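Encoded as C-alpha cells, the structure appears first; notes follow it.
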C-alpha cells in the first residue's frame with residue numbers, strides 16, 4: 112500500500128514524504144536512536160522465538176506424572192536443623208557518650224547491593240563510634256530510578272531497632288548541610304574518601320577515616336559497595352550486620368501491603384478452567400490431597416540482556432543473536448569480558464551460563480513440580496520477552512507475576528521505580544513455600560541468606576551439573592530426572608557454614624546463628 116502511494120507522488124512530494132518518515136521514526140522506534148542502539152539486538156534477533164533446544168526432554172516433561180512420595184517430600188517444609196537466629200551481641204553494649212562525628216555513604220547499584228551497603232555502613236559507624244547519616248541512594252543509571260532510602264525502607268523502624276547499637280540520624284544538622292552528593296561531585300574535597308579498598312578491614316577505617324572525622328567532624332565515603340571485609344571482625348560487628356539485614360530493614364507499608372495481596376492471591380485456588388481453556392491439560396490432584404493446595408514457589412528468573420551478553424554463552428537464537436550480543440558486550444564492557452575467550456561448551460561445563468527459561472522449566476519439572484504448580488515469576492525483564500518464556504509457560508500454565516496478579520491501579524504508585532518493584536518480589540519470595548533462582552546474583556545471594564536465617568526451603572541449582580546434562584542430547588527424560596534429583600538432594604535449604612571470604616549475607620551461619 113505504501114509503495115502504491117509513493118508511485119502516485121511526484122519527486123518533491125516523495126522527498127517531503129521521506130523527510131516526514133525519518134522525523135517520525137524516533138517517537139515510534141526510540142531504541143534505534145538510543146546511544147547503544149547499534150549494539151542492541153534488533154527486534155529480529157531479540158524477539159523472534161528461538162526453537163526449543165531440548166525437544167526430547169520437553170516431550171518427556173510434558174508427559175510427566177509426579178510420584179506421590181516425590182511430590183510430598185518436595186512440598187514438605189524444612190525440618191529444624193539445629194540452628195537459630197542469634198543477632199544480639201555476646202555482651203551488653205551501649206552507645207558511646209560522645210560521637211566522633213558523622214559518617215555519610217553514597218550507595219549505587221540495585222536494591223540488594225544497596226541493602227548490603229546499608230548493613231556495612233552501620234557496621235563502619237559502630238567501628239568508628241560515629242553517627243550514621245541515613246545512607247544516600249545514587250540514581251540507578253540503568254533503570255533511572257530516583258528512589259531514596261525512605262521510599263523503600265521504613266526509616267523509623269530502622270532507627271528504632273538499632274537505637275542501642277548505633278546512633279542514626281535522618282539528615283545532617285545545619286552546620287554540615289553543605290556535605291551533599293552535589294558538593295562532592297564538583298571537585299576534590301578533604302572530607303570525601305574515594306580510596307576505600309574492596310573488602311577493607313576494620314583497621315583500615317580506623318587508620319584512614321577516623322583522622323578525617325577528628326579533623327572535620329564528618330567523612331563521606333563513596334564508592335562504598337563491598338567496602339568492608341567479611342573476615343577477622345569482632346563477633347559483635349558481624350552480628351550487628353545481620354541484625355540490620357534481617358531485622359532492621361523492613362519495607363515501607365505500601366510495599367508490604369501489595370506483597371501481602373499478591374501472596375494471598377497466590378494461595379487461592381488457581382484458575383484451572385482458564386488454564387485448561389488455553390489448551391493445557393492439568394495433572395490430576397486426587398493423589399496429592401492437600402500437599403499442594405494453597406502453596407506456591409517463587410522463581411527468580413535472572414535472564415536479562417546484560418546477563419545474556421556478559422555470559423558469552425549461546426542461547427539458541429542463531430547468528431543474528433550471537434552477533435547482536437557480541438556488539439552489545441563490546442560497547443558496554445569494551446573487551447573486559449574474559450569469558451568470551453571460552454567456547455560455549457566450555458562455559459556450560461563450568462556452570463557459567465545462566466539457565467534459559469526452557470532449562471529452568473525442565474529443572475523444575477525434573478524436581479517434581481507438576482503443571483498445577485503455582486509459580487510466581489520474580490524478574491524485571493526477560494531477554495526475548497514472551498517468546499523466550501513460551502516453553503516455561505507450556506510446562507507451568509499457572510505461572511503468574513506482578514502484572515497478572517495486581518491491577519493497574521495497584522501497581523500505579525510503583526511505575527518507573529525498579530527498586531520498589533524488586534522490593535515487592537523480595538517480599539513475596541520471603542513468604543513463598545519454596546524459592547529457586549535460575550542463576551547467581553545479588554537477589555539470589557540475598558534471599559538464599561535470608562531464607563537460611565529463617566529455615567525456609569530454597570533450591571540452589573547445580574549449574575555445573577545442569578550445564579553438562581543439557582549438552583548431552585542422548586539423555587532420556589528418566590535419565591535426566593534421575594541425575595537432577597540425585598544432584599539436588601542436598602541443595603534444598605540445608606545450612607552451609609560460611610567459609611573465608613564468603614558473604615555473611617549469603618551464609619549467616621555461624622556468625623549470626625547459634626546452635627540450639
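Numbering (this note's numbering), first residue to last: 112 to 627. Beta carbons are placed, not taken as given, at the ideal position from N, Cα and C, and that holds for glycine. Please read these numbers as outputs of a predicted model, since none were measured by experiment.
With distances taken from CA atoms, which of the options is nearest residue i?
i, options, result
"residue 258", "363, 519, 627, 315", "363"
"residue 549", "419, 516, 305", "419"
"residue 601", "176, 184, 171", "184"
"residue 177", "484, 494, 555", "484"
"residue 162", "327, 344, 610, 470", "470"
"residue 380", "331, 338, 406, 371", "406"
"residue 609", "620, 603, 599", "620"
"residue 231", "336, 302, 457, 221", "336"
"residue 223", "613, 626, 507, 552", "552"
"residue 344", "234, 245, 286, 262", "234"
"residue 84", "510, 329, 361, 440", "Outside the displayed span of the chain (112 to 627) sits residue 84, for which this structure offers no information."
"residue 441", "458, 454, 422", "422"
"residue 369", "536, 588, 192, 580", "536"
"residue 179", "311, 481, 216", "481"
"residue 526", "255, 589, 487, 486", "255"
"residue 304", "333, 544, 540, 190", "333"
"residue 492", "508, 373, 454, 514", "514"
"residue 545", "348, 627, 487, 262", "487"
"residue 351", "622, 594, 596", "622"
"residue 638", "349, 560, 519", "With the chain covering only 112 through 627, there is no way to say anything about residue 638."
When burial is assigned at 16 or more other CB atoms within 10 Å of the CB, is residue i buried or exposed?
i, result
"residue 467", "buried"
"residue 225", "buried"
"residue 186", "buried"
"residue 604", "buried"
"residue 169", "buried"
"residue 452", "exposed"
"residue 583", "exposed"
"residue 280", "exposed"
"residue 166", "exposed"
"residue 214", "buried"
"residue 264", "buried"
"residue 298", "exposed"
"residue 554", "buried"
"residue 308", "exposed"
"residue 617", "buried"
"residue 588", "buried"
"residue 267", "exposed"
"residue 274", "exposed"
"residue 227", "buried"
"residue 508", "buried"
"residue 284", "exposed"
Using the three-state DSSP reduction, which class does residue i fall into: helix, strand or coil?
i, result
"residue 77", "This structure gives no information on residue 77, because the portion of the chain shown stretches from 112 to 627."
"residue 502", "helix"
"residue 545", "strand"
"residue 132", "At residue 132, the pLDDT of 46 sits below 50, so the modelled position is not reliable; the number obtained from the coordinates is stated separately. Helix."
"residue 176", "coil"
"residue 256", "strand"
"residue 196", "strand"
"residue 242", "strand"
"residue 489", "strand"
"residue 584", "coil"
"residue 149", "Below a pLDDT of 50, predicted positions are generally treated as unreliable, and residue 149, at 32, falls in that range; the measurement from the model is reported next regardless. Three-state DSSP puts residue 149 in a helix."
"residue 407", "coil"
"residue 626", "strand"
"residue 412", "coil"
"residue 576", "helix"
"residue 215", "strand"
"residue 601", "coil"
"residue 190", "coil"
"residue 569", "strand"
"residue 280", "strand"
Within a Cβ cutoff of 8 angstroms, which residues of the same chain sit near residue i, ignoring the five residues on either side of it in sequence?
i, result
"residue 90", "An answer regarding residue 90 cannot be provided, because it is not within the stretch 112 to 627 covered by the chain."
"residue 578", "458, 459, 460, 461, 462, 463, 464"
Here's a check: name, in chain order, each residue in its chain whose Cβ is nearer than 6 angstroms to the Cβ of residue i, leaving out the five neighbours to either side.
i, result
"residue 306", "none"
"residue 503", "468, 472"
"residue 532", "525"
"residue 425", "455"
"residue 269", "359"
With a CB to CB cut of under 7 angstroms and the five nearest residues on each side skipped, what residues in its chain are close to residue i?
i, result
"residue 155", "Low confidence applies to residue 155: its pLDDT is 45, below 50, so where it sits in the model is not reliable, and the reading given next is rough at best. Cβ neighbours of residue 155 beyond the five flanking positions: 431."
"residue 476", "172, 175, 506"
"residue 240", "207, 210, 211"
"residue 599", "478, 570, 573"
"residue 454", "none"
"residue 342", "611, 612"
Counting only beta-carbon separations shorter than 8 angstroms, does residue i have a partner in chain D?
i, result
"residue 340", "Given the protein chain composition of this structure (a single chain), no chain D is represented."
**Request:** Note down, one range per segment and in chain order, each beta strand (DSSP E) of at least 3 residues found wholly within the region 300 to 367.
**Result:** 329 to 332
**Message:** Could you tell me which whole alpha helix (DSSP H) segments of length 4 or greater appear in the region 444 to 480?
**Reply:** 455 to 460, 468 to 478
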